[in-house]
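In what follows, a structure is listed as structure tokens, so that the remarks can point back to it.
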Amino acid sequence: MNSRVTAQWRLEDAEAHLLSLELFGMRFGLDRMRRLLTALGSPQKRFAAIHVVGTNGKSSTVRMCAALLEGHGVRTGAFLSPHLTTFAERIRIGDTDLDPDAFGAAVQRAAVAAAKVDRTLESGDRITQFELVTAAAFDELARRGVEVAVVEAGLGGRHDATNVLAAPVCVLTNVGLEHTRWLGPTVVDIAREKLAVVPAHATLVTGPLDPEVAELALATGARIVVAEPLESALFAYQATNFAVAAAAARAHLGDLDPRIVTEVAGRVRVPGRMQVVADAPLTIYDGAHNPSGVAALVAALPDLVGARPLIAVISVLDDKDASGMLRALLGQTSGAVFTSSRNPRALPPATLASLADQVGGPPSEIVPNPRAAVARAQELAGPDGAVLATGSIYLVADLLGDPERRRASAL
Numbered sequence: 001m002n003s004r005v006t007a008q009w010r011l012e013d014a015e016a017h018l019l020s021l022e023l024f025g026m027r028f029g030l031d032r033m034r035r036l037l038t039a040l041g042s043p044q045k046r047f048a049a050i051h052v053v054g055t056n057g058k059s060s061t062v063r064m065c066a067a068l069l070e071g072h073g074v075r076t077g078a079f080l081s082p083h084l085t086t087f088a089e090r091i092r093i094g095d096t097d098l099d100p101d102a103f104g105a106a107v108q109r110a111a112v113a114a115a116k117v118d119r120t121l122e123s124g125d126r127i128t129q130f131e132l133v134t135a136a137a138f139d140e141l142a143r144r145g146v147e148v149a150v151v152e153a154g155l156g157g158r159h160d161a162t163n164v165l166a167a168p169v170c171v172l173t174n175v176g177l178e179h180t181r182w183l184g185p186t187v188v189d190i191a192r193e194k195l196a197v198v199p200a201h202a203t204l205v206t207g208p209l210d211p212e213v214a215e216l217a218l219a220t221g222a223r224i225v226v227a228e229p230l231e232s233a234l235f236a237y238q239a240t241n242f243a244v245a246a247a248a249a250r251a252h253l254g255d256l257d258p259r260i261v262t263e264v265a266g267r268v269r270v271p272g273r274m275q276v277v278a279d280a281p282l283t284i285y286d287g288a289h290n291p292s293g294v295a296a297l298v299a300a301l302p303d304l305v306g307a308r309p310l311i312a313v314i315s316v317l318d319d320k321d322a323s324g325m326l327r328a329l330l331g332q333t334s335g336a337v338f339t340s341s342r343n344p345r346a347l348p349p350a351t352l353a354s355l356a357d358q359v360g361g362p363p364s365e366i367v368p369n370p371r372a373a374v375a376r377a378q379e380l381a382g383p384d385g386a387v388l389a390t391g392s393i394y395l396v397a398d399l400l401g402d403p404e405r406r407r408a409s410a411l
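According to the numbering used here, the stretch in the sequence shown is residues 1 to 411, in order.
Right, here's the structure in full:
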């Protein structure tokens, strides 16, 4: 890329560039990220940070913590991943996604800096998609003058591009088996990678942890705060995430106003998490993508679904424990429709159907197109039934997004 900018990028330009970087995949290590941030003037040093790692609930916790801080008068930004319909959702100022034009400009600035850094790297190496969008986020948050940024880690923690923050407050939401090909085969291995983001003198806020993970947390040398349940968490499905978010906000501020906590609990919502999109039949989208996430979803369903017969629409990526997810979910359903998100890592629907048979699932059908799959599930459920589309955040992205737009990122 020529470093001389002739026209400001629009959102579409920025997304096209980011998607083009998927050809180069994921590359671990922090050297490229540090060089890129240096080229941008080290924006990550111009705000305090709350760094959120964990298996489930990261995006929810980030949104809730940012809303609590903003509610207390703190100018707050957030960085999340992945997104549902547009990359611009990943950068938030206050309670609003970044304006599309501002996002385009932020990615353009980062891309110009990345082109300079790429010329200093060894042949075949280059700034990755996640590094670029993370650097763009940090630069934009600094330019907007945020006092604190609540930042969601991407993959793991130790080698994640966000692990340049040395944040004074870190959050570990929980730990389960995920991304084992990159993070290690056991929960302890995965926890060790996530906890590598925690500086020795930080405050580490956690949700419920297994004893062996709790020991690793203590070994970081950080001050440990285990989040306590809150009466003002008005939505059961998110109660634990909200308690963790409140504890993290309190760790930054020192104290919280109970009235503001109650107000935020009553209004904050997370797109793609128990999101009701239709009433007859009741139709719900949820991005649960591993057995523990599905188990939490199933536990919350009775409050929303009641006695309605439930038809599940399911797509799962190939690096997930699909059998474990199906085992947790299908016993609560009267039927299933297997489909495929546009993510190239999505399992074939026929594979899911075979796995479902192995775990004793209900009658099922295969409808490859996600929107058609939901429509078929709605027919099967009838107006008095319920439909749940779940198994992958990328499935939810396909259902919520404009089908004419380019797909969401696969990374």
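Backbone N, C-alpha and C define an ideal beta-carbon position, used for all residues, glycine too.
Query: Quick test of your reading: R10 and D101, contact by CB under 8 Å. State the CB separation rounded to the nearest angstrom.; Result: 7 Å
Query: Can you tell me whether DSSP reads F28 as helix, strand or coil?; Result: coil
Query: Is T203 helix, strand or coil by DSSP?; Result: strand
Query: Pair every Cβ in the region 306-318 with every Cβ in the region 373-381, then say whether three or more of these pairs are closer than 8 Å.; Result: yes
Query: Along the chain, where does the alpha helix (DSSP H) containing I393 start, and where does it finish?; Result: I393 to L400
Query: Quick check on the burial criterion: 16 or more other C-beta atoms within 10 angstroms. Buried or exposed for R35?; Result: buried
Query: Tell me which residues share the same chain as A322 and place their Cβ nearer than 7 Å to its Cβ, disregarding the 5 neighbours each side in the sequence.; Result: V316, L347, L352 and L355
Query: Could you spell out the range, first to last residue, of the alpha helix (DSSP H) harbouring I93?; Result: Element bounds for I93: not the alpha helix (DSSP H) but the beta strand (DSSP E), I91 to I93.
Query: Whose C-beta lies closer than 7 Å to the C-beta of R90 among residues of the same chain, with five residues either side of it excluded?; Result: F79, L80, S81, H83, V133 and A137
Query: Can you list, in chain order, the residues of its chain with a C-beta nearer than 6 Å to that of E263? Leave out the 5 residues immediately preceding and following it.; Result: none
Query: In three-state terms, what does DSSP make of E365?; Result: strand
Query: Determine, using beta carbons only, whether R158 and K194 come nearer to each other than 9 Å.; Result: yes
Query: Which same chain residues, not among the five before or five after G385, have their C-beta less than 6 Å away from its C-beta?; Result: P281, R308 and P309
Query: According to DSSP, is E152 part of a helix, a strand, or is it coil?; Result: strand
Query: Provide the residue(s) that pair with D97 in DSSP beta bridges, ordered along the chain.; Result: R92
Query: Which same chain residues end up closer than 6 Å to G77 when comparing Cβ atoms and leaving out the 5 residues on each side of it in sequence?; Result: I93, L141, V146 and A149
Query: So, at 7 Å on beta carbons, what are the nonlocal neighbours of R192 in its own chain, with the 5 sequence-adjacent residues on each side left out?; Result: L216
Query: Decide yes or no for the touch test of the region 386-403 against the region 328-346: beta carbon pairs closer than 8 Å, at least 3 of them.; Result: yes
Query: May I ask you to report which of helix, strand or coil DSSP gives F130?; Result: helix
Query: Whose C-beta lies closer than 8 Å to the C-beta of V359 among residues of the same chain, with five residues either side of it excluded?; Result: S323, L326, R327 and L330
Query: Exposed or buried, what is P370 when buried is set at 16 or more other beta-carbons lying within 10 Å of its beta-carbon?; Result: buried
Query: Can you say whether Q129 is buried or exposed, counting buried as having 16 or more other CB atoms within 10 angstroms of its CB?; Result: buried
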